[in-house]
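What follows is a single structure, written as structure tokens, with notes after it.
Below, the structure written as structure tokens:
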């Protein structure tokens, strides 16, 4: 059992120290993943918060791969949010405000702008593979698509990013 | 009467616009494939390099590997070999495939998968300094019987990995994968890995160069892709209050 899995199950048993470890390890990549899908920081934070709350309250003691389990919940919640948006409750796509612009470098802004030109599915596979370090097999388990399709999409997305940023 | 006529005209107009959109989309997809380097039965997808540590027959190897991803359409062992021949050396391909599987075995595997609906096959080639590793993935869906046939014959074969899942993940088609599936249908992928010595091919590095040339500057592509990946892998941080909010929600004692 990996250190993360140990901490995960200890967190379910109520250990705050284990929670801190799990939070430290997964919060940033998980947040980045959700943010890349929903494109809104506040929504992304709400989803990450809900993932932790659902996991801690639900106590999934038989989760075989805790990390994938958390990503799967995040994936479902993000998908629900996107579908709610398309069903009428249209939310404006977030644009970086002035403070964000000042804080972030020009490169970063260009990168985010290029990312927004990709489809949600493309951003999703990029983020899960590059930010979260998950294998394509793990990603396949999370979003329910064949490894080959994911590889194809990932490689196409990287090519598009190169084109957008060149 | 006039209203009905107007309604009909509007419907016809929308139908025409939808048809026009579909035609434009189809045309755009075609362009995309052409620009990716379509050569006969093979579509080149990507070339990436990375350093990996791999273990084969108890010995650890650390080496740079080039990953080539191709989409291959093949329904028989002959078609598979012919398709690979346009990527690898023709003779080498024949020896390569047959040295690992017999024609009968390949035909059996392909037929088993081909009997399934929504069959796809993709070939991944990792070419290192010393080895060539070829993964052939055949994806499909079928009945429990189909799966049992393959498991009985190849269940313990280390060259083959049978990945199984149920109810949806591999359903749909290439345009709409994961679109949902029938309950009780078995979806699985058959991953066959072939490993052979570079001698068969006259040098893995040479092959890698050839593949890069075939791909239209694959090495350069890989360098650019690496930089993009480095930039993309930078995480975005949530606000400092998120942790506190979670602790508060689940009533953890601070």
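Protein chains in written order, with the working numbering: chain A, 28 to 193; chain B, 1453 to 1706.
Just so you know, even glycine gets a beta-carbon here, dropped at the ideal spot from N, CA and C.
On a predicted model such as this, the values are computed, not experimentally measured, just so you know.
query: Roughly how many whole angstroms lie between the Cα atoms of residue 140 of chain A and residue 1695 of chain B?; result: 28 Å
query: Please confirm if residue 162 of chain A has its CB atom under 8 Å from at least one CB of chain B.; result: no
query: Can you pull the chain B neighbours of residue 136 of chain A, defined as C-beta to C-beta under 9 Å?; result: Correct list: empty, because the minimum Cβ distance to chain B is about 12 Å.
query: Cα-Cα, which of A:77, A:85, A:96, A:56 is closest to residue 40 of chain A?; result: A:85
query: I'd like the list of long-range same chain contacts for residue 54 of chain A, defined as Cβ closer than 7 Å, with 5 residues on each side in sequence excluded.; result: 75
query: Return helix, strand or coil for residue 76 of chain A, following the three-state DSSP convention.; result: helix
query: Drop a sphere of 10 angstroms on the beta-carbon of residue 107 of chain A, count the other beta-carbons inside from all chains shown, and report buried for 16 or more, exposed for fewer.; result: exposed
query: Does any residue of chain B have a CB that is nearer than 8 Å to the CB of residue 67 of chain A?; result: no
query: Can you name, in chain order, every residue of its own chain whose Cβ lies under 7 Å from the Cβ of residue 170 of chain A, other than the five neighbours on each side?; result: 102, 151
query: Smallest Cα separation from residue 65 of chain A: which of A:167, A:90, A:148, A:158?; result: A:148
query: By the three-class DSSP mapping on this structure, what secondary structure does residue 32 of chain A have?; result: helix
query: Once DSSP output is grouped into helix, strand and coil, what is the label at residue 1692 of chain B?; result: coil
query: Grab me the residues of residue 158 of chain A's own chain with a C-beta within less than 7 Å of its C-beta, minus the 5 sequence neighbours each way, in chain order.; result: 56, 59, 60
query: Contact criterion: CB-CB distance below 8 Å. Does residue 96 of chain A meet it with respect to chain B?; result: no
query: Check residue 143 of chain A in the structure and name its three-state DSSP category.; result: helix
query: Should residue 155 of chain A be counted as a contact of the ligand ADP given a C-beta to heavy atom distance under 7 Å?; result: Absent from the structure shown: the ligand ADP. Ligands present: none.
query: For residue 41 of chain A, does the three-state DSSP call read helix, strand or coil?; result: coil
query: Taking the Cβ atom as the reference point for each residue, do residue 104 of chain A and residue 77 of chain A lie within a distance shorter than 8 Å?; result: yes
query: Can the beta-carbon of residue 177 of chain A be found less than 8 Å from the beta-carbon of residue 193 of chain A?; result: no
query: Measure from the C-beta of residue 1688 of chain B to each C-beta in chain A and report whether the shortest distance is under 8 Å.; result: yes
query: Helix, strand or coil: which one does DSSP assign to residue 120 of chain A?; result: Bear in mind that a pLDDT of 47 at residue 120 of chain A, under 50, signals an unreliable position, so the number given afterwards is only what the model happens to contain. In this structure, residue 120 of chain A counts as coil in the three-state DSSP scheme.
query: Report back the beta-carbon spacing between residue 153 of chain A and residue 181 of chain A to the nearest angstrom; my notes put them in contact at under 8 Å.; result: 6 Å
query: Within 10 Å of its beta-carbon, does residue 1684 of chain B have 16 or more other beta-carbons around it, so buried, or fewer, so exposed?; result: buried
query: Would residue 1460 of chain B count as contacting chain A if we go by Cβ distances under 8 Å?; result: no
query: Determine the DSSP secondary structure at residue 56 of chain A, reduced to helix, strand or coil.; result: helix
query: Do we get a CB-CB distance below 8 Å when we pair residue 100 of chain A with the residues of chain B?; result: no
query: Starting from the C-beta of residue 1481 of chain B, find all residues in its chain whose C-beta is less than 8 Å away, skip the five residues before and the five after it, and write them out in chain order.; result: Annotation note: pLDDT 32 at residue 1481 of chain B (below 50); position unreliable, coordinate value reported separately. Once the five neighbours on either side are set aside, residue 1481 of chain B has no close Cβ partner at all.
query: At a CB-CB cut-off below 9 Å, which residues of chain B make contact with residue 55 of chain A?; result: 1687, 1688, 1689, 1690
query: Against residue 72 of chain A, what residues of chain B qualify as contacts under a CB-to-CB distance less than 9 Å, listed in chain order?; result: 1690, 1691, 1693, 1694, 1697
query: Please report the straight-line C-alpha distance between residue 155 of chain A and residue 161 of chain A, rounded to a whole angstrom.; result: 6 Å
query: Taking all protein chains shown into account, do 16 or more other C-beta atoms lie within 10 angstroms of the C-beta of residue 1686 of chain B, making it buried, or fewer, making it exposed?; result: exposed
query: Using a Cβ-Cβ cutoff of 8 Å, what residues of the stretch 74 to 91 of chain A are near chain B? List them in chain order.; result: 75, 76, 79, 80, 83, 84
query: Is the Cβ of residue 157 of chain A closer than 8 Å to any Cβ of chain B?; result: yes
query: Return helix, strand or coil for residue 107 of chain A, following the three-state DSSP convention.; result: helix
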